[in-house]
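S.K.: Please see the structure below; I have some questions.
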């Protein structure tokens with residue numbers, strides 16, 4: 002499963018736009034962990050075929066019945082969904098952390114210094 006997706010010319014890898022199901026069978030616990038670390042909205046594809054735009058706020062893969070907690074796009078929640086109800090998670094929202102790492106900051110400052 003590839004997790005380093007970035008548009009051409011991007012400074013840093015990002016999951017933005019990634020659909021794990023395109024890479025083969027989805028490892029739900031691994032994708033839930035990535036969604037938890039992602040700083041943007043995702044689309045949760047439920048096993049019943051429904052799609053839900055959400056922000057993943059918590060998860061517990063070690064619980065007797067593993068789950069994730071999420072807020073909907075209106076900010077309501079948190080709601081809980083068992084892993085067993087998830088078939089895929091697509092990274093559909095803007096990655097708000099992209100380009101905000103310390104390394105990206107240093108590159109911007111160096112570029113600005115070179116122009117002045």
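Residue numbers (this note's numbering): 2 to 117. Note that CB positions come from ideal geometry on N, CA and C, so glycine has one too.
Roughly how many angstroms lie between the CA atoms of residue 87 and residue 16, to the nearest whole one?
M.R.: Computed Cα separation, rounded: 18 Å.
S.K.: Taking its Cβ as the centre, do 16 or more other Cβ atoms sit within 10 Å of residue 14, making it buried, or is it exposed?
M.R.: Counting Cβ neighbours within 10 Å, residue 14 comes out exposed, since fewer than 16 surround it.
S.K.: Determine the direct distance from the alpha carbon of residue 116 to that of residue 55, and round the result to whole angstroms.
M.R.: Between residue 55 and residue 116, the C-alpha separation is close to 41 Å.
S.K.: Just how far apart, CA to CA, sit residue 64 and residue 30?
M.R.: Spanning the two alpha carbons is a distance of roughly 12 Å.
S.K.: Let me check one thing: in DSSP terms, what residues is residue 68 bridge-paired to?
M.R.: Bridge partners of residue 68: 61 and 83.
S.K.: Given a cut-off of 8 Å on the beta-carbon distance, is the pair residue 97 and residue 44 in contact?
M.R.: The answer is no: Cβ separation not under 8 Å.
S.K.: Using alpha carbons as the reference points, say which of 23, 50, 49 and 58 lies closest to residue 35.
M.R.: Nearest C-alpha to residue 35: 58.
S.K.: For residue 16, name the three-state secondary structure that DSSP assigns.
M.R.: Of the three classes helix, strand and coil, the one that applies to residue 16 here is coil, per DSSP.
S.K.: Cβ atoms of residue 60 and residue 72: under 8 Å apart, would you say?
M.R.: No, the pair does not count as a contact, with Cβ atoms beyond the cut-off.
S.K.: Would you mind sorting residue 91 into buried or exposed? The rule is 16 or more other CB atoms within 10 Å of its CB.
M.R.: Label assigned to residue 91: buried.
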